[in-house]
Amino acid sequence: MRERTQIGDYIRELCLPEDSVLDTFEQDVAAAGMPAIQVPAELGKLLGMLVRLTGARRVLEIGTLGGYSAAWMARALPSDGRVVTLEKSTKHAAFARTFLERAGVGDKVEIMLGAALETLPSLLERGDPQFDMVFIDADKAAYPAYLDWSLRLVRSGGVIVGDNVLRGGKVLEPGDDADLNGLAEFNLHATSSPLLDALIIPNRGGEDGILVAVVK
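For the sequence shown, the tail end lands on 232 under the working numbering, and the numbers increase by one without skipping.
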């Protein structure tokens with residue numbers, strides 16, 4: 017059986033063309049003193065494909081970090097599409113604004129600064145159209161609450177994606193860990209809800225996974 021790194025390299029070589037902006041993201045965030053915990057490039061491309069497959073025009077992202085996943089999704093949107101991304105860190109938001117401009121999608125992305133659970137209600141109050149897709153990649157303990165808000169904000173037929181839902185299998189025995197308990201509850205709620213059709217897909221060589229759910 018071939019090493020996971022060999023398989024990963026094979027996939028990236030075939031499916032991920034070189035990109036002068038996206039390919040240097042990890043070095044850029046490290047130079048800025050930020051954690052390089054963005055989604056892998058394969059997942060970034062998958063998010064963009066989901067945007068296209070659903071015909072999305074409005075995407076909500078909970079957890080911006082440096083704007084890497086937002087860039088993938090924004091690039092996949094039509095010319096009048098928009099990503100609204102929520103970020104509590106002023107430093108991360110400032111980095112993301114610059115990065116998204118360099119990625120050519122600054123005009124397609126709105127960064128809302130503040131804790132997501134405080135920002136999400138304002139999205140309902142604004143009276144904007146419902147979102148076509150939500151990507152959740154923020155504090156894991158709050159994933160169940162983010163799912164509840166997503167169900168209020170996403171249209172029927174829309175897609176909800178949650179990242180890091182397996183954590184190397186630790187969600188099977190979460191113990192007293194708040195993040196793991198949040199993920200376990202999120203997974204259970206999403207897969208058992210009559211409002212959703214959900215699937216957990218392993219990634220990162222089986223060390224983690226994403227949950228993809230379609231709103232009925």
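For every residue, glycine included, the Cβ atom is placed at its ideal position computed from N, Cα and C.
When the five nearest sequence neighbours on each side are left out, the beta carbons in the same chain lying within less than 8 angstroms of the beta carbon of Ala131 are those of Lys104, in order along the chain.
Boundaries for Met149: no alpha helix (DSSP H) harbours it, while the beta strand (DSSP E) harbouring it runs Phe147 to Ile152, taken from the DSSP string.
Non-local C-beta neighbours of Leu133 in its own chain, meaning closer than 7 angstroms and more than five positions away in sequence, comprise Ala158 and Ala161, ordered along the chain.
Take the alpha-carbon of Gly83 and the one of Asp96: they are about 19 angstroms apart. Looking from the CA of Gly79, the closest CA among Leu182, Lys156, Ala214 and Arg183 belongs to Lys156. Bridge partners of Met128 according to DSSP: Leu102. Residue pairing by DSSP places Gly60 opposite no residue, since no beta bridge is assigned to it.
In the three-state reduction of the DSSP assignment, Glu77 falls in the strand class. Leu169 and Leu215 do not touch by the CB rule: their CB atoms are close to 21 angstroms apart, not below 8 angstroms.
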